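A short write-up of the structure that comes next.
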Amino acid sequence: MSEIEKEKENDEEVDEEEEKAKFIADTIKACNIAKEIRELIKPKVQVGIKILDLIEEIEGEIIKRGALPSFPCNISINNIAAHYTSPSFDETEIEDGDIVKVDFGCHVDGAISDQAFTVCFNSELDNLVKASEEALQNVIDNIKPGAETNVLGGIAEDTIRQYGYLPINNLSGHQLERWVLHSDKTIPEIKLPYGEKIEEGEVYAMEVFASTGLGTVHDMPNVYIYRVQPIRIPLRNKLARKMMTFCANNYRTLPFAKRWLVKEFGFKVRLAIRELTMKKIFYEYHPLADKQGSFIAQKEHTLLVEHDSCKILT
Ligand code: MN
Ligand code: MN
Numbered sequence: 224m225s226e227i228e229k230e231k232e233n234d235e236e237v238d239e240e241e242e243k244a245k246f247i248a249d250t251i252k253a254c255n256i257a258k259e260i261r262e263l264i265k266p267k268v269q270v271g272i273k274i275l276d277l278i279e280e281i282e283g284e285i286i287k288r289g290a291l292p293s294f295p296c297n298i299s300i301n302n303i304a305a306h307y308t309s310p311s312f313d314e315t316e317i318e319d320g321d322i323v324k325v326d327f328g329c330h331v332d333g334a335i336s337d338q339a340f341t342v343c344f345n346s347e348l349d350n351l352v353k354a355s356e357e358a359l360q361n362v363i364d365n366i367k368p369g370a371e372t373n374v375l376g377g378i379a380e381d382t383i384r385q386y387g388y389l390p391i392n393n394l395s396g397h398q399l400e401r402w403v404l405h406s407d408k409t410i411p412e413i414k415l416p417y418g419e420k421i422e423e424g425e426v427y428a429m430e431v432f433a434s435t436g437l438g439t440v441h442d443m444p445n446v447y448i449y450r451v452q453p454i455r456i457p458l459r460n461k462l463a464r465k466m467m468t469f470c471a472n473n474y475r476t477l478p479f480a481k482r483w484l485v486k487e488f489g490f491k492v493r494l495a496i497r498e499l500t501m502k503k504i505f506y507e508y509h510p511l512a513d514k515q516g517s518f519i520a521q522k523e524h525t526l527l528v529e530h531d532s533c534k535i536l537t
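When we follow the working numbering, the leftmost residue of the sequence shown carries the number 224, and every step to the right adds one.
So, in structure tokens, the structure goes:
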């Protein structure tokens, strides 16, 4: 190897190390903001409150602190596990007896925080919340370099089953990378025959769901959250073209809300969204639910894998 080539290789290594450090620093910033907002919002999750008001407050607090939402704030109630965010003018209020999951995060230059907590207004479900919290803690206690994702999934499952509930077999924790909310590496919440090894320096959003239902979620019909896919094909609708460019520039690879588009472009977005989803330029995040009448609790933290353990960042 020539001297110039050697030097170039060294430079690249330094850049990579620098980027890793910067990624972790930015992630910590995003997590600190999420932590602050969680403490501010938790006491406001009350019966009679409109969830749209909570969602807008959370997203507003993120922006006030100089970050951006890493995905639309999700407030999922009862048998809905995830991916519900209010549409514009959503009148849904929290009712007595509800179990409410508040899942939000922000990003600093694409470095993401992702966390969730559950507030329960049905004392019969207090153990369901406990099951999800304890399962997450047990997994966290075992995350370190070399730990296997399928074994971690088994720990979550065992904890939840000890309470007499089911984990959700088609949801999982996920590695976070800059501008990537759901990276390839995942941590399930069920025992699996094989997995991958956790490595030092990785960042994960580990989340655990405990359910009184079937332990599997299915897509609900109406979609409120999208993401731009890296596909460029001709679009007939002028607004669709405009929206595609807007979303690619503003949200890049991260999810965004239909509600945000309505705010930007008005109610005429419906037709444009239809073309964009039909052509698969917009990926659709359907709200995910277990069977009617069941209840789900969720707990999630963003974690940094350290030398011999992991650190909760949120
Ligand atoms: Mn989340
Ligand atoms: Mn997550």
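We put the CB at the ideal spot given by N, CA and C, even for glycine. This one's a predicted model, so the numbers in the text were calculated from it and none came from an experiment.
Cβ contact annotation for T315 (same chain, cutoff 8 Å, sequence separation greater than five): K273, I274, L275, I300, S309, in chain order. Within its own chain, the residues whose Cβ lies closer than 6 Å to the Cβ of Y427, once the five positions on either side in sequence are excluded, are G396, Q398, L526, listed in chain order. Looking at the DSSP output, C329 shares a beta bridge with P292.
For G396, the Cβ stays outside the 7 Å cut-off from all heavy atoms of ligand 1.
The closest CA to that of I519, considering only Y447, H509, V440, is found on V440.
When beta bridges are read from the DSSP output, L511 appears opposite A305, D442. Excluding the 5 residues flanking it on each side, A370 has same chain C-beta neighbours closer than 6 Å at I421, in chain order.
The three-state secondary structure of P457, taken from DSSP, is coil.
The DSSP-derived three-state label of E430 is strand.
Taking 7 Å as the cut-off, one finds at least one heavy atom of ligand 1 near enough to the beta carbon of D337. Assigned with DSSP and collapsed to three states, Q269 falls in coil, not helix or strand. Membership of T341 in the beta strand (DSSP E) is indicated by the continuous run 338-343. Of the residues F505, M467, T409, the one whose Cα lies closest to the Cα of N373 is T409. In this structure V237 is exposed. Its beta-carbon is surrounded by fewer than 16 other beta-carbon atoms within 10 angstroms. With a contact defined as Cβ atoms closer than 8 Å, L511 and A305 qualify at about 5 Å. Pairing N350 with I322 gives a Cβ-Cβ distance that is not under 8 Å.
Within the same chain, Cβ atoms closer than 8 Å to the Cβ of S355 are found at T341, I383, V431, F432, A433, A520, Q521, K522, the five residues on either side in sequence being excluded.
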